[in-house]
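First up is the structure itself, then whatever we jot down about it.
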Amino acid sequence: MKILIFDSSSLITLTMNGLIDLLADLKKGFNGKFLITKSVKYETIDRPLTIKKFGLAALKIKKLLDDKVLEMPESISIDEFELKEKAKEILRVTNISFSAKNEFMHIIDDGEASCLALSLILEKKKIENVIVVDERTTRMIGEKPENLKKLFESKLHTKVELKQDLSFLRNIKFIRSSELVYIAYKKGLIKLKDGNVLDTLLYATKFKGASISRQEIEEMKRL
Amino acid sequence: MQEPQHILEVLKEVKEAVKKEDNIKLKELSNQTVHSSSIHQDADCIMVAVIIYSLSKIIERTNYREYPGWNNFFSSFMKHINYAIIYLEKNDIDNFREELGKIRREINKLTGSFKKHIQDVFKKAEINKASRIYEHGISMEKTAKLLGISIWDLAEYAGQTGISDVNLNITLPVKKRIKLAEDIFR
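First to last, the protein sequences are chains A and B.
Residue 626 in my numbering is what sits at position 165 of the first sequence, and the numbering runs on without skipping anything.
Residue 460 in my numbering is what sits at position 174 of the second sequence, and the numbering runs on without skipping anything.
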């Protein structure tokens with residue numbers, strides 16, 4: 462069984478672009494499950510349902526949960542307590558990792574930590590998994606924390622120290638909604654015909670919050 | 287409260303910039319507090335950043351001055367800034383916070399479209415400041431929580447900026463990431 466773990470940011474990008482229904486199509490040929498954690502459910506369904514501007518978007522994601530396109534970790538017997546404790550541990554470590562002006566910066570929050578935690582738990586169970594995350598900090602912590610340190614230094618104009626060993630996150634795999642729509646396009650799941658469809662899809666993810674550069678998009682188009 | 291001396295200096299410069307109607311300087315001053323906001327994630331610092339940015343927009347939009355409530359609103363706004371400076375000089379943080387809170391409450395006294403415009407200015411200032419903190423490297427969810435805004439608003443706004451075009455963000459070659467996606471769907 463394979464697992465795709467969705468962070469709030471990727472679900473938001475897909476929903477705001479009217480592409481969220483693609484998940485149902487992608488799930489059909491997928492040998493596994495699409496999971497969201499409780500914190501991600503709160504950020505993408507429960508909370509926006511109380512905000513008029515985003516209520517409809519939240520309902521669309523809720524429908525995917527009702528239809529079991531998206532599922533909760535309990536559906537594969539992941540213990541809620543274990544997940545919560547693992548997320549807490551990740552939050553504790555990551556939030557004492559980067560120090561500037563003698564102060565630790567709190568860089569991620571519950572939802573993001575819960576996705577990392579779920580990935581680590583699945584990895585321990587030898588279940589192949591990938592996190593779909595569009596915001597860049599979570600991805601950078603896993604793949605290249607040294608780049609995040611450099612980013613902080615360039616933006617804050619001060620020395621930043623990386624005080625923790627974050628290599629325990631290094632094996633986590635990340636993709637973005639951009640790669641997801643790329644796969645959907647290659648699988649022929651996109652019904653649009655006219656114009657440069659792949660180009661518009663990739664830029665649409667970028668302009669709704671996916672952390673992907675123009676350079677990366679242009680390279681993806683050439684593949 | 288973190289860096290009170292820095293905030294005090296910024297607020298004094300705000301007064302001067304307002305006198306000169308220098309909205310660009312006001313935006314710069316607001317950005318100065320974003321560095322501190324990113325490191326310390328101090329609520330006072332963040333509130334000051336939002337208020338200064340809002341002030342820059344309010345000054346920039348000269349048509350607001352035609353609304354009947356303008357004079358009262360603007361003079362009250364600046365009165366609370368002045369008091370905030372005085373309290374900060376005395377290291378009276380509670381009353382400093384109270385004065386900043388009063389600025390937000392002044393909006394409730396407004397009516398009609400002027401009230402809606404000013405509410406909108408503050409809301410957009412929160413999203414703008416959130417975007418700047420996210421740009422500094424703090425995660426989207428954490429930043430949204432700091433500013434008390436929805437992650438949806440932040441994602442939408444951040445997508446319109448150049449944040450994602452920074453080279454340091456590229457943490458894996460394009461081909462490798464596509465391969466990850468292809469492998470999981472194989």
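Even glycine gets a Cβ: it sits at the ideal position worked out from N, Cα and C.
Starting from A:L465 and walking both ways along the beta strand (DSSP E), at which residues does that stretch end? Taking the first sequence and counting its residues from 1, one reaches residue 465 of chain A at position 4. From DSSP, the beta strand (DSSP E) with A:L465 extends over 463-467.
Is the Cβ of B:A329 closer than 8 Å to any Cβ of chain A? For the purposes of this step, residue 329 of chain B is identified with residue 43 of the second sequence, where counting begins at 1. No - not a single Cβ of chain A is within 8 Å of the one on B:A329.
Measuring only between beta-carbons, confirm whether A:D507 sits less than 8 Å from chain B. Within the first sequence, residue 507 of chain A is the residue found at index 46, counting from 1. No, A:D507 does not count as interfacial toward chain B.
Can you tell me which residues form a DSSP beta bridge with A:I592? Numbered from 1 along the first sequence, position 131 holds the residue referred to as residue 592 of chain A. DSSP output for A:I592 lists A:I466, A:F635 as bridge partner(s).
Contact check, B:G448 vs A:L609 under 8 Å by CB: the rounded distance? Along the second sequence, one-based indexing puts residue 448 of chain B at 162. Along the first sequence, one-based indexing puts residue 609 of chain A at 148. Between A:L609 and B:G448 the Cβ distance is about 18 Å, and since that is not below 8 Å, they are no contact.
Let me confirm a value: A:E543 is counted as buried when at least 16 other C-beta atoms fall within 10 Å, else exposed. Which label applies? In the first sequence, the residue the question calls residue 543 of chain A occupies position 82. Exposed, since its Cβ has fewer than 16 Cβ neighbours within 10 Å.
Contacts that A:F515 makes with chain B (C-beta to C-beta distance below 7 Å): On the first sequence, position 54 is the one that residue 515 of chain A refers to. Within 7 Å Cβ-Cβ: S436, W438.
Of all the residues that make up the region 400-425 of chain B, which are near chain A by a beta-carbon distance shorter than 8 Å? Y420, E421, H422, G423, I424, S425
First and last residue of the uninterrupted beta strand (DSSP E) at A:E622: Locating residue 622 of chain A in the first sequence gives position 161, counting from the first residue. That run of the beta strand (DSSP E) goes 621-623.
Tell me where the beta strand (DSSP E) around A:S560 begins and ends. Numbered from 1 along the first sequence, position 99 holds the residue referred to as residue 560 of chain A. 559-561 is the extent of the beta strand (DSSP E) around A:S560.
Any beta-carbon of chain E closer than 8 Å to the one on B:G355? The chain inventory of the structure shown lacks chain E, comprising the protein chains A and B.
Kindly indicate which three-state DSSP category A:L510 falls into: helix, strand or coil? One-based indexing of the first sequence puts residue 510 of chain A at position 49. Here A:L510 sits in helix by DSSP.
By Cβ distance, which residues of its chain are closer than 6 Å to B:E412, with the 5 residues on each side in sequence left out? Taking the second sequence and counting its residues from 1, one reaches residue 412 of chain B at position 126. So the list reads V336, L433, I435, once near-sequence residues are dropped.
So which residues of chain A does B:V452 contact, with C-beta pairs closer than 8 Å? On the second sequence, residue 452 of chain B is found 166 positions in, with the first residue counted as 1. Within chain A, the residues near B:V452 are L612, S674.
Rounded to whole angstroms, what is the Cα-Cα separation between B:I456 and A:Y646? Numbered from 1 along the second sequence, position 170 holds the residue referred to as residue 456 of chain B. Numbered from 1 along the first sequence, position 185 holds the residue referred to as residue 646 of chain A. Going from the Cα of B:I456 to the Cα of A:Y646 covers about 23 Å.
Please report the Cβ distance between A:C576 and A:I466, rounded to the nearest whole angstrom; I am assuming they are in contact, meaning their Cβ atoms lie under 8 Å. Counting from 1 along the first sequence, the entry for residue 576 of chain A is found at position 115. Counting from 1 along the first sequence, the entry for residue 466 of chain A is found at position 5. Going by Cβ atoms, the distance from A:C576 to A:I466 rounds to 5 Å, so yes, they are a contact pair.
Between A:R597 and B:L374, what straight-line distance do the alpha-carbon atoms span, to the nearest angstrom? Locating residue 597 of chain A in the first sequence gives position 136, counting from the first residue. Locating residue 374 of chain B in the second sequence gives position 88, counting from the first residue. If you take the alpha carbons of A:R597 and B:L374, they lie about 37 Å apart.
With distances taken Cα to Cα, identify the nearest neighbour of A:T599 among A:K585, A:D570, A:L581, A:H618. Stepping through the first sequence from its first residue, residue 599 of chain A is reached at position 138. That would be A:D570, whose Cα lies nearest to the Cα of A:T599.
Quick check: is the beta carbon of A:T661 nearer than 8 Å to any beta carbon in chain B? Looking up residue 661 of chain A in the first sequence gives position 200. Chain B contact via Cβ: absent.
What does A:L609 touch in chain B if you count any residue whose Cβ is under 7 Å from its own? To locate residue 609 of chain A, count along the first sequence from 1; it is residue 148. In chain order: G423.
Using beta carbons (cut-off 8 Å, strictly below), is A:L684 in contact with chain B? Taking the first residue of the first sequence as position 1, residue 684 of chain A is located at position 223. Cβ-Cβ to chain B under 8 Å: yes for A:L684.
For B:I410, which residues in the same chain have their Cβ closer than 8 Å to its Cβ, ignoring the five residues on either side in sequence? Taking the second sequence and counting its residues from 1, the one referred to as residue 410 of chain B is at position 124. At residue 410 of chain B the sequence reads Lys, which differs from the Ile that was named. Closer than 8 Å at Cβ, skipping near neighbours: K343.
Does DSSP put A:K585 in a helix, a strand or coil? For the purposes of this step, residue 585 of chain A is identified with residue 124 of the first sequence, where counting begins at 1. Helix, per DSSP.
Tell me whether A:P509 is buried or exposed, calling it buried when 16 or more other Cβ atoms sit within 10 Å of its Cβ. Taking the first residue of the first sequence as 1, we reach residue 509 of chain A at position 48. Buried, because 16 or more other Cβ atoms sit within 10 Å of the Cβ of A:P509.
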